[in-house]
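Colleague: Okay, handing you the structure first.
Number of protein chains: 2
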Amino acid sequence: MPVEAPPNRPAKIPAKIEDVARAAGVSIMSVSRVMRGVEGVSPAKRTEIRRIARKLGYTPSSVAGSLAAANSTLIGISIPTLFEAVFAEILDGMRGIFNKAGLQAIVETTDYVESFEEKWVQRMIAWHPAGVILSGVFHSKTTEERLRNSGIPTLEIWDYTDTPIDMCIGVDHFSAGYEMGLHLVRLGYRHPAYVGVKLNKDPRAEDRVAGLSKAFAEVGSRIHANSRLADTASFEGGMKGTIDILNNTAPTPDVICFLNDHMAFGGTMECERRGLSVPDDIGIVGFNGLNINEVLSKRITTSVTPRTLMGATAARMLVARIYGARTEEKIRMPVEIFDGDTTKDRMKTRDSNT
Amino acid sequence: MPVEAPPNRPAKIPAKIEDVARAAGVSIMSVSRVMRGVEGVSPAKRTEIRRIARKLGYTPSSVAGSLAAANSTLIGISIPTLFEAVFAEILDGMRGIFNKAGLQAIVETTDYVESFEEKWVQRMIAWHPAGVILSGVFHSKTTEERLRNSGIPTLEIWDYTDTPIDMCIGVDHFSAGYEMGLHLVRLGYRHPAYVGVKLNKDPRAEDRVAGLSKAFAEVGSRIHANSRLADTASFEGGMKGTIDILNNTAPTPDVICFLNDHMAFGGTMECERRGLSVPDDIGIVGFNGLNINEVLSKRITTSVTPRTLMGATAARMLVARIYGARTEEKIRMPVEIFDGDTTKDRMKTRDSNT
DNA sequence: AAAACCTACGTTAGCGCTAACGTAAAATCT
DNA sequence: AGATTTTACGTTAGCGCTAACGTAGGTTTT
């Protein structure tokens, strides 16, 4: 039977606005005005009130303030995972903008599970946030409905869609995949394989695969092998997927496309460990243009996405919206193909070999 | 001149408890009881109230609820950066526990800047969180004071200290460095170099370096070269640091210790690119035992830290404390040396060579 | 010098909810 | 059957703060 234990440390009763008012011999409203930096208090009293407030360690309660003023400084942000650099970079891009606007971000990860996101949105709405940011454009019906009904400015980031809940900024993943496919076809690749993460773990990536497929289909080819073993799009996941592909696929693909650059790098390592030369024996393709690519001696062919800029722009859109300004509602950001050292023009090479 | 633009989407007025009560023909308190899952409402009314609430899309306001009940479900968490897997893993460990306890995490990154942390703590306290988690044990005086005065349960994670603000759980970084130093000395290394990040970017890492130094000092040696160019403890940072060391240090060190495994891996790549064989020509040492190490063909010698467990334990400590239970106040977690393939026993090798 | 206008305050009435304490009616006990 | 307890509600009084509207005194206007 658990004994009612006293807390380790007694909680002190924090000073409230009334305490400050009394100590300063002024009304509560004067203190409120000073704390909010609002006009209507003489310089002398202002200084005095500030002094007393500091002395008493007074911090205005945001909870009470939000309730009374019916405004909020909270921004809810939902991302799938922290284990992908992409989302960390997007967050990084947003951070500064929100800070400057005096907004407080509440970040939650959903691990790509729609029902987690749904529950989170529910909890979030209860806090009356000034805005909400979701990753991707796939959400439960309930989530969309709740957000729409709440009237809370909502922004979907990373994917692009023509029909956002409210606003969106992102890249067109299908097109990105398609463009890369065209590029590879042009280079002469015809037997692609794909290595990614488990099917429900990244819907965007599957859009890209679809785009890739389309490009190859146009020359009568298709993705000959797939491996989706990994839970996270990591270096080690890419390595494992590559092992899977190389062990179980015959003939060996002429190019392996990876969910992202980290996986691609893991794949490159594995190929070279096996004595497969990249790009002579096999091509490697990533996605995102992550920092890692800047220092590799063999730079990965990849699609470069503007993550930090996207985060910053997203934050700016939302802030503008919160303050009632008209803003762009949908922004499609460009993806640029980086032609690295892990693919080559197979036509040319064949010529020079003969 | 900016025109006062109307918002893109008109905000709807959300239903409040009163609306539900009126629609259901009951008192406000009955609705409140149902929404909170508290006893005192007959099954029939309970069902009816729930139906009406759903129909009206009613979500109880956490802001009003917190104010009235003087309780909170918010946990503030401050970490230095999302760009290090360690903190993502710690967060991951905490997430589940907090969710189960019905607590909402608010995560902020400080980028290792004390004044950011200070401001964040200030903002956080204003929300009356149920608890606060800080990374590390280095905080501004004001931060410590504010937290202590607030009476909010506070937990410091990742570093261990005997004198926490309130509670702490972490590893002893100095000892971890020292133990690794002893290990390297035992293996016969005498000319270590260190590659990390900029000095103010990771105080823990510097503690480890101090421990390392001590171990080498005991055999009359010292860290012969340092490189702290990088901003983030990334693969590419490790590579750059290694280039720096190898270009500018003579004689070449016999072992390079890195801030973490990612950097160490970057370093290994660079060494091998230069034709330096690891571990025959040079040893490589990391820190943390990150996932990457599980798939490398040459596994990095490193100190394995229990990040996920630490996160989970931390969350449990804080939850226990919030609910008034007595808990451990300070937990020192073990660090285990993993003797990988990037170091070797230099004594033995010398014997076999002669 | 009276009218009009500031400026620096204070007072009142909530924001949406819950703790604490009613109070009837129903259930249980003796 | 009357006393006692329990259950199912409702009522009252805030939580800590701010919007909106006073109201004095001083300042400017004509």
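Chains as they are written, first to last, in our numbering: chain U, 4 to 357; chain V, 4 to 357. For every residue, glycine included, the Cβ atom is placed at its ideal position computed from N, Cα and C. As the structure is a prediction and not an experimental result, all values here were calculated from the model.
Within 8 Å (strictly less), CB to CB, does P83 of chain U reach chain V?
Modeller: Taking the first sequence and counting its residues from 1, the one referred to as residue 83 of chain U is at position 80. So, not an interface residue.
Colleague: Short of 8 Å in beta carbon distance, which residues of its chain neighbour E165 of chain U, apart from the five on each side in sequence? Order them along the chain.
Modeller: On the first sequence, position 162 is the one that residue 165 of chain U refers to. Residue identity differs from the one stated: residue 165 of chain U is Asp in this sequence, not Glu. Cβ neighbours of D165 of chain U beyond the five flanking positions: K333.
Colleague: Run through chain U and tell me which residues come within less than 7 Å of G40 of chain V, C-beta to C-beta.
Modeller: As a position in the second sequence, residue 40 of chain V is number 37, starting the count at 1. Correct list: empty, because the minimum Cβ distance to chain U is about 15 Å.
Colleague: Taking only beta carbons into account, state which residues of the segment 47–70 of chain V come closer than 9 Å to chain U, listed in chain order.
Modeller: For the segment 47–70 of chain V, which is checked against every Cβ of chain U, the residues closer than 9 Å are G60, T62, P63, S64, S65, V66, A67, G68, S69, L70.
Colleague: Mind checking who I80 of chain V pairs with in its DSSP beta bridge?
Modeller: Position 77 of the second sequence holds residue 80 of chain V. V:V110, V:I136.
Colleague: Return the residue from the list V:A317, V:T304, V:A323 that minimises the CA-CA distance to D342 of chain V.
Modeller: Against the second sequence, residue 342 of chain V aligns to sequence position 339. Taking only the C-alpha atoms, the option nearest D342 of chain V is V:T304.
Colleague: Check the DSSP bridge columns for R335 of chain U and list the partner residues they point to.
Modeller: On the first sequence, position 332 is the one that residue 335 of chain U refers to. The partner list for R335 of chain U (beta bridge, DSSP) reads U:G173.
Colleague: Out of V:I295, V:S178, V:Y197, V:D264, point me to the one whose CA is closest to V338 of chain V's CA.
Modeller: Looking up residue 338 of chain V in the second sequence gives position 335. Ranking the options by Cα distance to V338 of chain V, first place goes to V:S178.
Colleague: Run the CB neighbour count on E7 of chain U, radius 10 Å, all protein chains shown included, and call it buried at 16 or more, exposed below.
Modeller: Mapped onto the first sequence, residue 7 of chain U falls at position 4. Low per-residue confidence applies at E7 of chain U: pLDDT is 36, beneath 50, and the placement is therefore not dependable enough to give any value.
Colleague: Distance cutoff 8 Å, beta carbons only. Does V298 of chain U sit that close to anything in chain V?
Modeller: Residue 298 of chain U sits at position 295 when you count from the first residue of the first sequence. Cβ-Cβ to chain V under 8 Å: yes for V298 of chain U.
Colleague: Restricting to Cα atoms, I'd like to know which of V:I295, V:G241, V:D169 is closest to E3 of chain V.
Modeller: The first residue shown for chain V is 4 and the last is 357, placing residue 3 of chain V beyond what the model contains.
Colleague: Starting from the N-terminal side, write out each stretch of the beta strand (DSSP E) that is 3 residues or longer and does not extend beyond the segment 229–265 of chain V.
Modeller: 258–261
Colleague: Excluding the 5 residues flanking Y192 of chain V on each side, which residues of the same chain have their C-beta closer than 7 Å to its C-beta?
Modeller: The count along the second sequence starts at 1 and reaches residue 192 of chain V at position 189. Counting only Cβ-Cβ distances below 7 Å, and skipping sequence neighbours, we find D257, V258, G286, R349.
Colleague: For a quick check, are the C-beta atoms of K201 of chain U and D234 of chain U less than 8 Å apart?
Modeller: In the first sequence, the residue the question calls residue 201 of chain U occupies position 198. In the first sequence, the residue the question calls residue 234 of chain U occupies position 231. A contact, by the Cβ cut-off of 8 Å.
Colleague: Within 10 Å of its beta-carbon, does D247 of chain U have 16 or more other beta-carbons around it, so buried, or fewer, so exposed?
Modeller: The sequence position of residue 247 of chain U within the first sequence is 244, counting from 1. D247 of chain U comes out buried.
Colleague: Mind checking Y197 of chain V: buried by the 16 CB within 10 Å criterion, or exposed?
Modeller: In the second sequence, counting from the first residue as 1, residue 197 of chain V sits at position 194. Classification for Y197 of chain V: buried.
Colleague: Roughly how many whole angstroms lie between the Cα atoms of D283 of chain V and T346 of chain V?
Modeller: Counting from 1 along the second sequence, the entry for residue 283 of chain V is found at position 280. Counting from 1 along the second sequence, the entry for residue 346 of chain V is found at position 343. For D283 of chain V and T346 of chain V, the distance between alpha carbons rounds to 8 Å.
Colleague: Look at S33 of chain V and V44 of chain V and say whether their C-beta atoms are less than 8 Å apart.
Modeller: Translated into the one-based positions of the second sequence, residue 33 of chain V becomes position 30. Translated into the one-based positions of the second sequence, residue 44 of chain V becomes position 41. Taking 8 Å as the Cβ cut-off, S33 of chain V and V44 of chain V qualify as a contacting pair.
Colleague: R225 of chain V CB to nearest chain U CB: under 8 Å?
Modeller: Along the second sequence, read from residue 1 onward, the residue named residue 225 of chain V stands at position 222. False, the Cβ-Cβ gap to chain U never drops below 8 Å.
Colleague: Would you give the residue range spanned by the alpha helix (DSSP H) that L312 of chain U belongs to?
Modeller: The count along the first sequence starts at 1 and reaches residue 312 of chain U at position 309. Looking at the DSSP string, the run of the alpha helix (DSSP H) that includes L312 of chain U is 310–325.
Colleague: Considering only the alpha carbon of each residue, which of V:S216, V:F290, V:A71, V:P132 lies closest to S237 of chain V?
Modeller: Residue 237 of chain V sits at position 234 when you count from the first residue of the second sequence. Of the residues V:S216, V:F290, V:A71, V:P132, the one whose Cα lies closest to the Cα of S237 of chain V is V:F290.
Colleague: Would you call the segment 169–177 of chain V and the segment 149–157 of chain V in contact, with 3 or more CB pairs under 8 Å?
Modeller: yes
Colleague: For chain U, find out if any of its Cβ atoms is closer than 8 Å to the Cβ of P132 of chain V; answer yes or no.
Modeller: As a first step, residue 132 of chain V must be located in the second sequence, where it is residue number 129. Cβ-Cβ to chain U under 8 Å: no for P132 of chain V.
Colleague: In whole angstroms, what separates the C-alpha of R149 of chain V from that of S35 of chain V?
Modeller: Taking the second sequence and counting its residues from 1, one reaches residue 149 of chain V at position 146. Taking the second sequence and counting its residues from 1, one reaches residue 35 of chain V at position 32. Looking at the two C-alpha atoms, the distance is approximately 34 Å.
Colleague: Identify the contact partners of I295 of chain U in chain V, using a Cβ-Cβ distance below 7 Å as the criterion.
Modeller: Counted from its first residue, the first sequence places residue 295 of chain U at position 292. Chain V residues near I295 of chain U: F238, E239.
Colleague: If F261 of chain V sits next to V298 of chain V, beta carbons under 8 Å apart, how far is it from one beta carbon to the other, in whole angstroms?
Modeller: For the purposes of this step, residue 261 of chain V is taken as the residue at position 258 of the second sequence. For the purposes of this step, residue 298 of chain V is taken as the residue at position 295 of the second sequence. Not really, about 18 Å apart at Cβ, beyond 8 Å.
Colleague: Report the residue from U:A213, U:D205, U:S224, U:E275 whose alpha carbon sits nearest the alpha carbon of R231 of chain U.
Modeller: In the first sequence, residue 231 of chain U corresponds to position 228, counting from 1. Nearest of U:A213, U:D205, U:S224, U:E275 to R231 of chain U, Cα basis: U:D205.
Colleague: How many Å lie between A91 of chain V and H142 of chain U at the Cα?
Modeller: Mapped onto the second sequence, residue 91 of chain V falls at position 88. Mapped onto the first sequence, residue 142 of chain U falls at position 139. A91 of chain V and H142 of chain U: Cα-Cα distance of roughly 24 Å.
Colleague: For L94 of chain U, go through chain V and note every residue whose CB falls closer than 7 Å to its CB, in chain order.
Modeller: Along the first sequence, one-based indexing puts residue 94 of chain U at 91. Residues of chain V passing the Cβ test: L85.
Colleague: So, at 8 Å on beta carbons, what are the nonlocal neighbours of H227 of chain V in its own chain, with the 5 sequence-adjacent residues on each side left out?
Modeller: Here residue 227 of chain V refers to the residue found at position 224 when the second sequence is read from its first residue. Cβ neighbours of H227 of chain V beyond the five flanking positions: H194, P195, A196, T252, P256.
Colleague: What number of angstroms, rounded off, separates the C-alpha of A18 of chain V from the C-alpha of A67 of chain V?
Modeller: On the second sequence, residue 18 of chain V is found 15 positions in, with the first residue counted as 1. On the second sequence, residue 67 of chain V is found 64 positions in, with the first residue counted as 1. About 14 Å.
Colleague: Using three-state DSSP, classify A104 of chain V as helix, strand or coil.
Modeller: Here residue 104 of chain V refers to the residue found at position 101 when the second sequence is read from its first residue. Coil.
Colleague: Which stretch, first to last residue, makes up the alpha helix (DSSP H) that contains E221 of chain V?
Modeller: Counting from 1 along the second sequence, the entry for residue 221 of chain V is found at position 218. Counting along the chain, E221 of chain V falls outside any alpha helix (DSSP H), and DSSP gives it neither H nor E.
Colleague: Flag this pair as yes or no: are the beta carbons of R264 of chain V and I295 of chain V separated by less than 8 Å?
Modeller: Residue 264 of chain V sits at position 261 when you count from the first residue of the second sequence. Residue 295 of chain V sits at position 292 when you count from the first residue of the second sequence. Position check: residue 264 of chain V holds Asp in this sequence, whereas Arg was assumed. In this structure, I295 of chain V lies closer than 8 Å to D264 of chain V by Cβ.
Colleague: Is the CB of M242 of chain V under 8 Å away from at least one CB in chain U?
Modeller: For the purposes of this step, residue 242 of chain V is identified with residue 239 of the second sequence, where counting begins at 1. With 8 Å as the cut-off, M242 of chain V counts as an interface residue toward chain U.
Colleague: Could you spell out the range, first to last residue, of the alpha helix (DSSP H) harbouring W130 of chain U?
Modeller: Translated into positions along the first sequence, residue 130 of chain U becomes position 127. No alpha helix (DSSP H) contains W130 of chain U, which DSSP labels as neither H nor E.
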